Structures are given as structure tokens and as C-alpha cells.
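K.L.:
I have a structure I would like to understand better, so I am pasting it below and will then ask my questions one at a time.
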Amino acid sequence: MNIIKIWYDELQTVFHDVGIILFVVILPLAYPIIYAYVYTPEVQRDVPVAVVDDSKSALSREFLRKTDATPEVKIVSYCTNMTEAYSRLERQDAYAIIHIDRDFANNLSKGKQTSVGLYCNMMSMVYYKCAASALSNVSIAMNRKIKVDKYLKPKTERESQIMQTPIDYKYTSLYNPQGGYAAFMIPPILMMIIQQSLFLGIGMSMGRNREQNGGFVIPLSPYYKKSVEIVLGKTLFYLLLYIIHAIYAFIVITKVFTLPQLGHYWDFILFVIPYIIDCCFLGMVLSYMIFRREDCMLIFVFMSLPLYFMCGLSWPGSAIPEGIRYFSYIFPSTFGLNAYMRISGMGASISDVSFEMKGIAIQICVYFILACLIYTRKIRKMLHKEV
Amino acid sequence: MKEVIIRIFKIGLREIEIFSHRPMYLFVIIIAPLFCLIYFTQIMKRGIPTKMPCGVVDMDNTSTTRSIVRILGAMQNTDLKEHYSNFSEARKAMQKGEIYAFFYIPKNTTEKALSSRKPEISFYTADTYYAAGSLLMKDLQTTSELAGLAITRATLTAKGVPSSMMMAILQPITIETHPLNNPTLNYSVYLNNIVVPGLLFLIIMLFTAYTIGYEWKMGTQKELFKMAGESSTIAIAGKLWPQTLLYCLIMVLIDVYFYKYLEFPLNVSLIRIICAGLLCVFASQALAVFFFGIFLTLRMGMSACSLFGVLQISVSGFTFPLTAMKPIFQYLAWVSPLRHYYMLYVNQALNGFKLVYAWPSIVALLIICLLPLTILFRLAHAFKNVDYKP
């Protein structure tokens, strides 16, 4: 019964405090929209490139025409020499230079290997990837034709096709068919927002209690007697609120911004409830350090990015050093982001994310005990003072 | 003039006094940025992720297909982890997060290839893991291409083409890539040069708004205003100079660590990139004062700073290019110190372009530094009439 009272108490305090409402209601609703909006164009198309064509031959022009026709790059200027092209790079009118050698066509007709140079401004990997993949695709296509027309001399159209690609291949980008940025950035961000806003909200309400109750984290009420009840009561409040946020993220955001949606609803619910509980418990443990309500922003906000990198989504998990990997197991986000990504984006079932669920289960136990111990200590301290 | 300096100095001393009572301040200003510096450079220590787990489904299992699999296993980015017996097993492994990609060779591939019936092999990447997916894709594509070329090579040998001519026939046009100034595609150079300063600017914005708002929270704003001789400029300047010194020190430390210790590419003098960094530090502070001046409450001021500070890491456009974002973010980027830092870094440190091309960013940063002038009157009003609201 006390749990319900504590739950109601928390509800009352939070909804009378604009600052906390900002973090536990408005932030989880607004941030996903802002982020999804930033990344919805999904892909970079038509990276501007400059061209220096020293060959000026039919073949070099064919090569450039095909390059210009790729979705990835767009030729914005034809320069007479490299110095001129480089000045385009400096002015950022173009991000890459394609250089075709003077004996490009000569070499090809003589049956020698020839090369096309790509000089890329490395300010963004995206530009480099676009330019490199466009050129490599064009060269593969042209190589096939040259090889067949010049050397293999097929007799029929069908034979020519077979000679061009004796073994065909097909590439399928699973779970993110358009190769978009949003589809891999947003889902983990959604779960990160849940964790961080919970930390902020719980930290802030803790700071508020300290400020209002003269340094004590527990209100002077008769039913705040048992630490287990306090922890559960508070968690109940945040759990109910955040399930709404989570469902909002899983359904509304995913739908509105057309992110990959392969997950089953119940798999998601089964995952997200423990995840929220886990975040709540850790939030209570961490808020032990919060003495003033605004302090939590200083500590928690900047942590989001290191935590995001730690979980092995944008930076592959196999490349993360051992030490950091074990360190990352402290935080719910490591498991939560991976599990959510695979459930919602890749259609994994709850048993496919069993490793992550075990991690979350262990964390729940550990942080529950820690949170209870902290509150027990606080209650004792308070009783001591009162006496 | 002398009086002004004395006032600023005295307010600064008062600020240091506040600092000494709160160890958390030191954590936020010094330990947090340095932690980020070490953490991010450690996590990307190897530069580019190599040997990422990949699977293969070889339904054909002949000596030809096995040699294709061997080619794949020898690729730089691929760590051939597992052979799966069918497609759905491989897909399951992908959903479990064990592999990032897999290669599929259907039954009768060899037979079809030898009888010119154009078999089709395929490969799949989990592009929810973007970096891993796209790096592995390159390897898988090369392998597939090579598989076909091996057949052509056999045909050509049968026709009596000498092996010295072989490469010119198989691959007449090659692409020579020159990633300028980052030849090894080092991700640490690419990301950390922006991520670490970005987090520093975020911390600066938050902390600047926090320390100013703290006066209202403690109810000491009137006392401060009196000390400053009823001038909000002096009050703010006095409050901020001690932390500014610390920020500058950390910015210099970051640059020295990057360019001297880790030897990231640097094509201008170290002083120049340090100056760019310091200018951005001041701009971040100015922006924080500006935000606080607009909202006049600690809570909203800090919220605005954290929203902007976090968002500018995305909007600076070093991962997903700004040129592909919606126009509203392209305008927003003009007031983002991190965006300008990124432009200056690319222009100067990375590429060593002429300084002429950097002036739009420098001017923009100087204008951002002047933004607080527009809200001084509001601050003065707040010092006199506004009380802390939780």
C-alpha cells in the first residue's frame, strides 16, 4: 500500500515541477522528432566533383558521362589542369577531383592497364565513399565491356552477357534497404533518450528533494519507512510514464519517419519494461551524487555521446577494445540500444537478444540492491538526525 | 578603467572561492573533457575497424567455391567466422548480432559457371550497423567480382593469352584513390578531431549557463550586481574569466595531444589551429550567455544550451553532411561554433588551404562572440528584478 502512496507522491511532485516535466515529458517527446528530422534525408546524393580530363578522348568522355550519371556524384566543373581543380577543392565548390591521364585511351587501345585518379577532400567519409563507389562501379562496368568486346569476341548477344559476368552477383542491404543514415542513427538514439531523460528526471527530483527537505532525499512522511518500498514506488511512477514514451518511439516515430519496422510489438514490450526498470534503478543509484537539481544536467548530458559510441552500433563492436567493452556493461544503454536495434530494425525475437536480456536482468538485480542500500542509509541518517 | 579591472578581478576571485567549495566543478570542467579525449582516442586506436565478423553459406561446396571463400577470408576487413548450412541460419546469426554480413553461394554454382549458364551468387550486409556494413560490403563486392574474373582468366588462358597481358584484359581501368591528407582512412583522425572539441563546447555551454544561473539560485545575484558596480558586462566578465582560463588550457591540451602526441595530420602551424579552437571556446561561452539572457532562468538556459550543444554535434555535418540536411539546419549551422570549428579545421589543419577561404567562419565566430551585447539590458533587468524559479 505504501508503494501506491509513494507512487502518488512522486506523481504529485513531478507534475508540480515544470523543470522535471521538461525532462521526463517534453524531452522524450520532442528529441526523437528533432533527431529524426535532422537525419531524414537519409542519403547524400550528387556529391560535387571537379574533373581534369587530359585524355580528351571518346573513351574518357564515356567514362565521365557514366560517372556523372551515377546517383552518387555530379560533375560540377571541367578544369584544364590540377591547379585549377585544386582551387575548386579549396573553395569547397567540389569535394573531389577525378583525374584522367593523358594516355588513358592510348593505353586501352594498346592493351595496357591504365588508371584514373581520385583525389578526395577527407573532411567527410561520406563524400569519399560516394566518389569511390561511383568510380569503382563505372570502372567495373567499362572493364567488362572492354574485356569482352576487345578480347573475347562473342558471337551472340547472350554470349556477350555471359562473358561480361560469368558469375553474376547480387547485393542486398538487409534491414536498411536504402542505406540511409536515419535507419541506423535514430533507433539507438530513441533508447538513449529514454535512459538519459530518466537519469535527468530522477536526478532532478532527487536534487529537488534535497533542496526542499534540508539536505535529505526522503520527504518527512510516515510511509517512507522501508527502502524497498521507496525504490519500487518511485520506479512504478517512471515505469508507467516511460512505457508511454517507449511505445510512442516504437510506433509513432518509426512510422512517421518511415524507419525500418520489423519488430513484433510484444517482443518490444517484453524488452522495454525491464530496460526502463533497469534505467530507473541505475538512475537512483547515480542520483546519489546529485546535490542540486541542476547538477544532473552537467553530469548526464555529455555522457550520452561516449555511451552511444560504447554500445558498438556506429563503431563496430568487434573494434572496441576489451577494457572499454567490459566497462560498457555497467550501463543499461549498452544492452538496450543493441536489443532495440535488433528487435525493431532487424526483426529479432526476444530469444535472439537473450544475451542483452541477461545483461539487463543482472543489472536490475545489482542496481536494485544498491538503490535499496542507498535509501536504507539515508533513512538511518534521517532517523539519527531526528533523535 | 583601472576600477573596472579591479572589479572584474575581484568578482573572479569570488568565483574561485565558490569553485573551491564544489569539487563537482572540477570534475565537469577538467576531468570530463579529458576523459572524453582519452576515451575516444582509445576506442578508435586502430584507426579503421578491420576483421569484422562475417559468415558464409556455401551450398555448393566445390573446390571452386571454396577458393572463392578463401579469397574472402583473406580480405582486410573480413573475419570469416562461421560456415552456415543454410540461408536462414545465417540470417538468424545476423539477428543475434554475431555477424555483420554473409556471403551466399547457391547449389550448382560451379556447374553452371563451367557450362556458361550464368550462376548468381549473392551477399548480404546488416546495414543497421552502418560502418561495419559498408566496409564489409566493399570486401564482398571485390570477392564476387574476382570470382567472375577467375572464370574469364581460365577462358583466356585456354585461348593462349600470355599471363603478362592478363591484368590489362581483366582490369583495363583501375581506380587510384588518393584520400588527401588522411591516406589510411583513419577514423580516429576523422571523428575525434570534431567529437572531442564538440563535447568540450557542450560542456562549456552548459557550465557557463550554470554558473551564471547559480547566482539566482543562491539568491546572490544582487550582491554580485553591486560588486560589479551595477554593470552586467562587468558581472559576467568577472564571473567567467577564471573558467575561461581553464577551458583555454584544456583546448590547448587537446590540440597538443592530437597533433603532437598522436600526430594527426596538421598542415598549418599548431598556433593557428589553437587560435581557431580558442575562438570557438569564446563563441560557445558567448552563446551560453546569450541563451541565458533570453530565458533568464537557470533551468531554461541550461536546457537550451544542452539542446543546442548536443544538436550541433549532428548539425556540424562531419558525419552526415550538412549539405544533405534540411535547409533549416543549414541556417542553424551558421550560429554553431562547432560547425565553424569543423570548417576551420578542415580548411586549415587537415588540408592546409589558404587562409582566405576561412574568413566566413572567422567572421561568423566573431559575430557569435558579440551576441551577448544584445541581451545585456535584459541581464541588467534580471539582476535587479528576477528571482530564482525552480
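For the record, the sequence lines run as chains L and S. Remember, the working numbering sits 1286 above the position in the first sequence when you count from 1. Remember, the working numbering sits 55 above the position in the second sequence when you count from 1. Backbone N, C-alpha and C define an ideal beta-carbon position, used for all residues, glycine too. Nothing here was measured: the structure is a model prediction, and the numbers come from that model.
(1) For valine 1639 (chain L), count neighbouring Cβ atoms within 10 angstroms of its own Cβ and tell me buried if that reaches 16, exposed if not.
(2) Please say whether valine 1412 (chain L) and alanine 1380 (chain L) have beta carbons closer to each other than 9 Å?
(3) Of all the beta strand (DSSP E) runs that stay within the bounds of the stretch 1299-1347 of chain L, which reach a length of 3 or more residues?
(4) Taking the beta strand (DSSP E) that glutamate 137 (chain S) falls in, what are its first and last residues?
(5) Rounded to the nearest angstrom, what separates serine 199 (chain S) and methionine 1409 (chain L) at their Cα positions?
(6) Name the chain L residues that come within less than 7 Å of cysteine 91 (chain S), Cβ to Cβ?
(7) Can you find a C-beta in chain S that's less than 9 Å from the C-beta of isoleucine 1319 (chain L)?
(8) Which of the three DSSP states is assigned to isoleucine 176 (chain S) in this structure?
(9) So, with DSSP's three-state summary, where would you put cysteine 1597 (chain L)?
(10) Just mark tyrosine 159 (chain S) as buried or exposed, buried being the case when its beta carbon has 16 or more other beta carbons within 10 Å.
(11) So, using beta-carbon positions, are glycine 1569 (chain L) and tyrosine 1615 (chain L) closer together than 9 Å?
(12) Roughly how far, in whole angstroms, is the beta-carbon of valine 1324 (chain L) from the beta-carbon of phenylalanine 384 (chain S), given that I think they are within contact range, below 8 Å?
(13) Using beta carbons (cut-off 9 Å, strictly below), is proline 1327 (chain L) in contact with chain S?
(14) I'd like to confirm the pairing. Which residues does DSSP put opposite phenylalanine 157 (chain S) in its beta bridges?
(15) Look up asparagine 1624 (chain L) in the DSSP assignment and give the residues it is bridged to.
(16) Along chain L, which residues have their Cβ under 8 Å away from the Cβ of proline 174 (chain S)?
(17) Relative to the C-alpha of serine 189 (chain S), which residue among L:Arg1388, L:Ser1459 and L:Ile1432 is closest?
(18) Beta-carbon within less than 6 Å of alanine 168 (chain S)'s beta-carbon, same chain only, minus the 5 sequence neighbours each way: which residues are those?
(19) Quick one: any contact between the stretch 407-420 of chain S and the stretch 267-284 of chain S, if contact means 3 or more CB pairs under 8 Å?
(20) Based on DSSP bridge pairs, tell me the residues matched to tyrosine 1401 (chain L).
(21) Beta strand (DSSP E) containing valine 1359 (chain L): first to last residue?
(22) Any C-beta of chain L within less than 8 Å: which residues of the stretch 222-237 of chain S qualify?
(23) Using the three-state DSSP reduction, which class does asparagine 1407 (chain L) fall into: helix, strand or coil?
(24) Over the uninterrupted beta strand (DSSP E) stretch that includes tyrosine 1457 (chain L), give me the two end residues.
(25) Rounded to whole angstroms, what's the CA-CA distance from threonine 352 (chain S) to arginine 1496 (chain L)? Just pull it up for me.
(26) Along chain S, in chain order, which residues have C-beta atoms closer than 8 Å to that of tyrosine 1461 (chain L)?
(27) Is tyrosine 1653 (chain L) near the ligand NAP, with its Cβ less than 8 Å from a heavy atom?
(28) Given lysine 444 (chain S), which residues of its chain have a CB within under 6 Å of its CB, disregarding the five upstream and five downstream residues?
(29) Under 8 Å by Cβ, that's how I've got tyrosine 1455 (chain L) and proline 1546 (chain L) pegged, so tell me the actual separation to the nearest angstrom.
(30) Would you please verify whether the beta carbon of tyrosine 1574 (chain L) is less than 9 Å from any beta carbon of chain S?
(31) Taking the Cβ atom as the reference point for each residue, do tyrosine 179 (chain S) and methionine 222 (chain S) lie within a distance shorter than 9 Å?
(32) For phenylalanine 1349 (chain L), which residues in the same chain have their Cβ closer than 6 Å to its Cβ, ignoring the five residues on either side in sequence?
(33) Report the neighbours of glycine 203 (chain S) on chain L: residues whose CB is nearer than 8 Å to its CB, in chain order.
(34) Could you have a look at histidine 1385 (chain L) and say whether DSSP puts it in helix, strand or coil?
(35) Thinking C-alpha only, which one of S:Arg394, S:Met357, S:Arg62 and S:Ser369 is nearest glycine 332 (chain S)?
P.N.:
With the given structure in hand:
(1) buried
(2) no
(3) 1333-1339
(4) 133-139
(5) 30 Å
(6) Pro1592
(7) no
(8) strand
(9) coil
(10) buried
(11) no
(12) 6 Å
(13) yes
(14) S:Gly110 and S:Tyr179
(15) None; asparagine 1624 (chain L) has no bridge partner.
(16) Ile1453 and Asp1454
(17) L:Ser1459
(18) Pro174 and Ile206
(19) no
(20) Note on residue identity: the sequence assigns serine, not tyrosine, to residue 1401 (chain L). According to DSSP, serine 1401 (chain L) bridges with S:Thr229.
(21) 1359-1365
(22) Met222, Ala223, Ile224, Leu225, Gln226, Pro227, Ile228, Thr229, Ile230, Glu231, Thr232, His233, Pro234, Leu235, Asn236 and Asn237
(23) strand
(24) 1454-1460
(25) 20 Å
(26) Ala181, Asp182 and Thr183
(27) With respect to the ligand NAP, the structure shown offers nothing to examine, as it has no ligands at all.
(28) Thr352
(29) Wrong, their Cβ atoms sit about 24 Å apart, outside the cutoff.
(30) no
(31) no
(32) none
(33) Thr1451, Pro1452, Ile1453, Asp1454 and Tyr1455
(34) strand
(35) S:Arg394
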